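Here is the structure we will look at, set down as structure tokens.
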Amino acid sequence: MDRDSVTPRSMKALPWAAVAVVTVTLLPILDIGFLADDWLIASRIHADQANATGVGDHARAILAPTWADDYQLFRPASLLLLHLEWGLFGPDPRPFHAIGLVLWLATALVVGSTVRHLLDTRAGAWPALAVLLFGTWPAGIEALSWGAAQADLLSLFWAICALRAMLANRLALTTGCVALATLSKETAVILPLLLLLIDRARPIPSRARIHLGTLGVAGGYLALRVLRFGDMGSLYRGRSYLDLLADRGLEGMVLEVGTSLHRLVVPLNDGAFIRAYDITPIPLHVALLATTAIIGGLLAWTGGRSNRRLALGALGWVVLPLSLAVVPLEGVGADLGRSRLLVLPAVGWVLIVILGLHRAWECGHRRLAAALSVALTLAGAGLWRIDLVPYAEATRRVERLTGSLTNAAAPGTHRIVVLGIRGDNTTMHHALVSFEGCHLLAAGLYNVTRPPFAPAPGHAIDRVDQVRDLAEIAEPPRTRPSILRLDPLASPPTFTVVASGGEVGPPLKLLPTHGHPWKPGKDAAFVVSGPAAIASEADAVRFVIAEPQHGDRAIGMVQPIGRGDRFEARAPLQTIRAVINGETGGPRVTVEALRNAPGGVIVWWAELLRGEEVLARSAYQVVPIKP
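Using our numbering, the letters of the sequence shown map in sequence onto residues 10 to 636.
In structure tokens:
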């Protein structure tokens with residue numbers, strides 16, 4: 010890999026060839042859908058754009074310091090990009106992921122250019138290897154698969170551009186990139202210190218000009234935060250950074266940083282690996298940790314003073330960003346959750362690896378350096394494919410969830426009531442918080458149904474913790490919301506319809522009626538009446554009684570009876586039987602069963618049938634039961 014073995018033109022082309030390899034490896038990213046906070050941000054941006062009447066409204070939305078009641082984020086550069094993407098592409102995740110991929114590839118190219126500058130005439134093909142290793146290392150799996158994590162990718166891109174500009178002694182460009190990095194994500198406030206750690210070889214006056222400028226940018230950014238928030242910190246889960254720092258403590262921070270460093274070296278979703286191969290991933294952990302240890306040993310053994318100093322600076326890029334980020338968050342887990350925190354440390358890790366391999370090559374250990382280079386590159390590409398599987402599975406779950414929501418939405422209504430959702434408006438159902446090591450916060454519960462959205466960004470969704478609260482639904486019959494139950498144990502989890510909103514055919518009158526408490530006695534019956542004309546075409550009337558808390562149903566079939574220009578159908582309890590495994594033929598519904606209905610409420614409606622065709626369906630009635 011020395012410079013003499015490769016022509017200058019081919020050396021310049023090698024990084025681009027590496028980019029092509031990385032692109033092919035990462036293309037499946039484009040098939041991942043919106044996940045996790047993608048839906049929250051999509052909902053917020055769409056609402057902001059729909060309500061904006063001028064440039065001022067758009068600017069205020071981008072500069073907004075609060076995205077939820079218990080979160081404060083100030084990322085105007087990232088929000089500007091997301092607003093532009095949403096305005097251009099709408100609710101299509103592919104362009105979002107494509108732009109994220111472009112940012113990642115551009116960052117990889119700048120990493121290669123940085124290596125070329127650091128190694129100077131000894132660079133050879135090492136910049137291309139840096140592009141290949143950084144691009145295929147799965148430290149960026151979450152940032153690329155999660156549209157909401159574009160802030161991490163954008164901040165990373167400007168950070169590496171700042172490093173490259175600093176090495177070229179470009180003062181204005183360096184400070185500008187630092188400013189853009191901090192406006193993309195707040196963790197980049199540590200970037201001036203990271204640049205100082207790398208820049209230790211040039212004369213002090215030259216270094217001072219650049220670093221005073223970058224420190225001034227960081228100070229200005231913190232002052233801007235004070236103007237927006239009233240203090241220098243911000244809220245995360247309703248708590249300030251300093252409070253969280255006190256909770257975490259030094260011991261907790263060291264533990265989380267250590268865990269995250271392990272996942273930087275071994276970026277493997279252990280659960281996905283075990284499901285794919287049914288073997289323990291421990292040997293792979295040992296192999297990658299040993300490889301990194303060997304490279305570090307080679308650098309310590311063969312590296313000169315300047316290389317060791319540069320490696321220590323790169324180590325600062327690995328450790329310091331994690332030390333800042335693990336205060337509000339836990340470290341990167343075995344499922345690679347929060348692996349977006351690894352994108353900036355990955356730059357330092359790649360620099361250390363390239364320096365170590367390069368020194369080994371120059372000192373005559375060429376076979377070892379070549380073998381380790383190939384092994385790490387192949388490992389990274391293979392781990393990408395394994396780590397992407399949970400995101401693909403989560404995408405299918407999201408499609409199932411949003412599809413079931415969309416299909417359940419009744420014509421004429423843009424509201425859905427969901428049973429089984431615990432907590433307030435910012436808390437998702439416990440079973441939807443995480444699927445197979447991948448964020449999936451109940452897509453659809455952030456007011457999102459499958460596109461096209463109507464009204465934007467989707468059907469409004471109310472959470473109902475107690476079924477008795479259903480009796481408070483007061484919409485007119487034709488606009489009542491659909492009532493759904495979440496079934497988190499289904500594979501994949503889905504929403505099932507308890508009662509569809511709206512009506513079919515002419516209005517029907519039902520007893521007992523919606524919202525009126527009912528005390529069933531021994532002669533209890535369900536009664537429906539309506540225009541005789543529709544009944545004359547019907548073969549039967551089907552009564553459907555649903556118990557919403559557990560989703561149980563009972564059905565009764567009777568013949569309509571004409572009474573002049575009206576008809577009436579009456580279903581005594583003895584005609585109504587429980588539905589078991591989709592078949593009507595279970596036990597008869599009793600007065601005691603009604604009086605002991607879980608939650609003290611039933612939902613029922615009537616349908617006029619001609620064969621299997623529904624000629625008319627009443628609006629459902631939510632009836633509180635008197636004990």
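Cβ atoms here follow ideal geometry from the backbone N, Cα and C, with glycine treated the same way.
Fair warning: this is a prediction, and the values are worked out from it, not measured in the lab.
Residue T311 holds the alpha-carbon nearest to the alpha-carbon of L366 among C186, A401, T268, T311. The alpha carbon of G565 has as its nearest neighbour, out of W614, V513, K531, the alpha carbon of W614. Look at the beta carbons and you see the stretch 358-377 not touching the stretch 392-411: under three pairs across the two are nearer than 8 Å. A residue is called buried once 16 or more other Cβ atoms fall within 10 Å of its Cβ, and N278 is buried on that count. As the crow flies, the alpha-carbon of Q159 is around 20 Å from that of V33. For G247, the secondary structure class from DSSP, reduced to helix, strand or coil, is coil.
Remark: C-beta atoms of L176 and R218 do not approach each other more closely than 7 Å.
Each residue's CA atom was taken as its position, placing L231 and E151 some 28 Å apart.
Distances from the CA of D548 to each of S509, A508, R597, E622 were compared; the closest alpha carbon is that of E622.
Partner residues in the beta bridge of L519, as assigned by DSSP, are V537. Looking at P515, S348, I41, the one whose alpha-carbon comes closest to that of D161 is S348. In the three-state reduction of the DSSP assignment, V226 falls in the helix class, which pools H, G and I. Closest by C-alpha distance to P201, out of D46, L221, N178, S215, is L221. CA-CA distance, L244 to T191, rounds to 17 Å. The closest CA to that of V427, considering only R487, V476, W393, is found on V476. Non-local C-beta neighbours of R579 in its own chain, meaning closer than 6 Å and more than five positions away in sequence, comprise A534, V536, ordered along the chain. Cβ-Cβ distances below 8 Å link L204 to A171, L172, M175, T183, V187, I219, H220, T223 in the same chain, with the five nearest sequence neighbours on each side left out; the list follows chain order.
Distances from the CA of T593 to each of G571, G573, A602, R562 were compared; the closest alpha carbon is that of R562.
When only Cα atoms are considered, A296 and L110 end up about 29 Å apart. A straight line joining the alpha-carbon of V550 with that of Q630 spans about 16 Å. Residue burial annotation: D532 is exposed, with fewer than 16 other C-beta atoms found within 10 angstroms of its C-beta. For G565, the enclosing beta strand (DSSP E) starts and ends at 561-567. Between L39 and R131, the C-beta gap is not smaller than 7 Å, which leaves the two residues out of contact.
With a threshold of 16 other beta carbon atoms within 10 Å, W25 falls short and is exposed. In this structure, the CA atom of L298 is about 18 Å from the CA atom of D396.
In chain order, P486, R487, R626, S627, A628 place their CB closer than 7 Å to the CB of E512, counting only its own chain and leaving out the 5 sequence neighbours on each side.
In the three-state reduction of the DSSP assignment, V336 falls in the coil class. Shortest Cα-Cα distance from A56 to any of P100, T503, L35, I570 involves P100. Inter-residue distance for L493 and T505 is about 5 Å (C-alpha atoms, whole angstroms).
Note that the stretch 255-274 touches the stretch 326-333; at least 3 beta-carbon pairs, one per stretch, sit closer than 8 Å.
Counting only the Cα atoms, I611 lies some 55 Å from A197. Scanning its chain for C-beta atoms nearer than 8 Å, with the 5 sequence neighbours on each side dropped, one finds around G530 the residues V600, in chain order. The Cβ atoms of T301 and V274 lie closer than 7 Å to each other. In the same chain as L345, and ignoring 5 residues on each side of it, the C-beta atoms closer than 8 Å to its own belong to P147, I150, E151, R272, P276, L277, N278, D396, G446, in chain order. Its Cα nearest to that of H525, the residue A483 stands out among A483, H559, V226, A255. When DSSP states are grouped into helix, strand and coil, W527 belongs to the strand group.
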